[in-house]
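Peer 1:
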Amino acid sequence: MELAVGDEVFGRIQRFLHQRAGISLAPNKKSMVANRLARRVRHHGLPDLDAYVAFATGSEGGDELRVMLDLLTTNETSFFREPAHFDFLRQHILPHAPKGRPFRVWSAASSSGEEPYTLGMVLDEALGSGRWEVLGTDISTRVLEVARSGRYPIEHAQRIPRHYLHAYALRGVRSQEGFMRVSPSLRAATRFEHFNLNGDWGDFSERFDVIFLRNVMIYFDPPTKRRLVLRMLDHLQPGGYLIIGHSETLNGITDRLQVVRPSIYRLTDGAPLRRR
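Numbering-wise (numbering that gives the first Met the number 0), the sequence shown opens with residue 0 and increments by one.
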């Protein structure tokens, strides 16, 4: 039986997602909501989606609110997705990496970890062990568990260049056949934390040489997008880079960022932009 999604309950879900995650859920996403939440409705033995949302957002819901948020958050990713960004990092940014401290990158919507581990492969090859750090954050606790494990179906390795695959991935055997695991050295230098980009950043004060904020702002309305970008700039080193998805743009948001290439921006505060 198909789960019905009425206008009133859909509106409640829209408001919840916008308040908690900054996501603007389009009216044509009713089927997506039904498909992703149907199992939880059945799991709790509830009659319909209205009852489920009331339960998840009520005092008796416990962790169910986080489960609902996890299920409604899109987490599409892959190793070496939009590879031109990693080429630019390797060819134009890393040759100028600062001396005397680790080069730090934040994957701000890290999903299940493929992007941070891709960054780790590129950084480790270029800089060597101990000279880099990657922070991966996501609002979904479910995908962060996958990321921390570094374990993926073997077919996920198809987009990893062969020399990286040999150096930084282990093929599973026996009970792990059909899976691969990112090498211990990459996992040790890659930290994953739960983080809501649209929430309270609390005491978060870390600064980074590069921030990857790719393919997440397509779900945000303009005010949410602008607020997020301005917060991000406070966590970039002077002259640092903000890299967004190829389908996204920061036009009109701030004059503190200068376009280096489409989807690649540099913070000009305190550092002249080198010509490319």
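Note that the Cβ used here is the ideal one computed from N, Cα and C, for glycine as well.
Small disclaimer: the values here were computed from a predicted structure and weren't measured.
For A108, count neighbouring Cβ atoms within 10 angstroms of its own Cβ and tell me buried if that reaches 16, exposed if not.
Peer 2: So A108 counts as buried.
Peer 1: Is it the case that the Cβ atoms of S182 and A146 are separated by a distance below 9 Å?
Peer 2: No, they are not a contact pair.
Peer 1: Suppose the cutoff is 6 Å on Cβ atoms and the five residues either side in sequence are ignored; what does the same chain contact list for L134 look like?
Peer 2: These residues qualify, in order along the chain: W105 and R190.
Peer 1: Would you list the one or two residues that DSSP bridges to H91?
Peer 2: Paired residues: none, contrary to the question.
Peer 1: What span of residues does the beta strand (DSSP E) with M179 cover, start to end?
Peer 2: It spans F178 to V181 - the beta strand (DSSP E) in which M179 sits, taken as one unbroken run.
Peer 1: Compare the beta carbon distance of L280 and L118 with 9 Å and say whether it is the shorter of the two.
Peer 2: Residue coverage of the chain in this structure runs from 0 to 275, which leaves residue 280 outside it and unanswerable.
Peer 1: Mapping the DSSP letters down to three states, classify S128 as helix, strand or coil.
Peer 2: Here S128 sits in coil by DSSP.
Peer 1: Among R158, A96 and E113, which residue has its Cα nearest to the Cα of R130?
Peer 2: Out of R158, A96 and E113, A96 has the C-alpha closest to the C-alpha of R130.
Peer 1: Helix, strand or coil: which one does DSSP assign to D86?
Peer 2: Of the three classes helix, strand and coil, the one that applies to D86 here is helix, per DSSP.
Peer 1: Applying the criterion that 16 or more other CB atoms from any shown protein chain within 10 Å of the CB defines a buried residue, is H84 buried or exposed?
Peer 2: By the 10 Å Cβ count, H84 comes out buried.
Peer 1: Assuming T76 and E114 form a contact by the criterion Cβ under 8 Å, report the distance between their Cβ atoms to the nearest whole angstrom.
Peer 2: Confirmed, about 6 Å.
Peer 1: With distances taken between CB atoms, is the gap from A156 to A168 smaller than 9 Å?
Peer 2: Cβ atoms of A156 and A168: closer than 9 Å.
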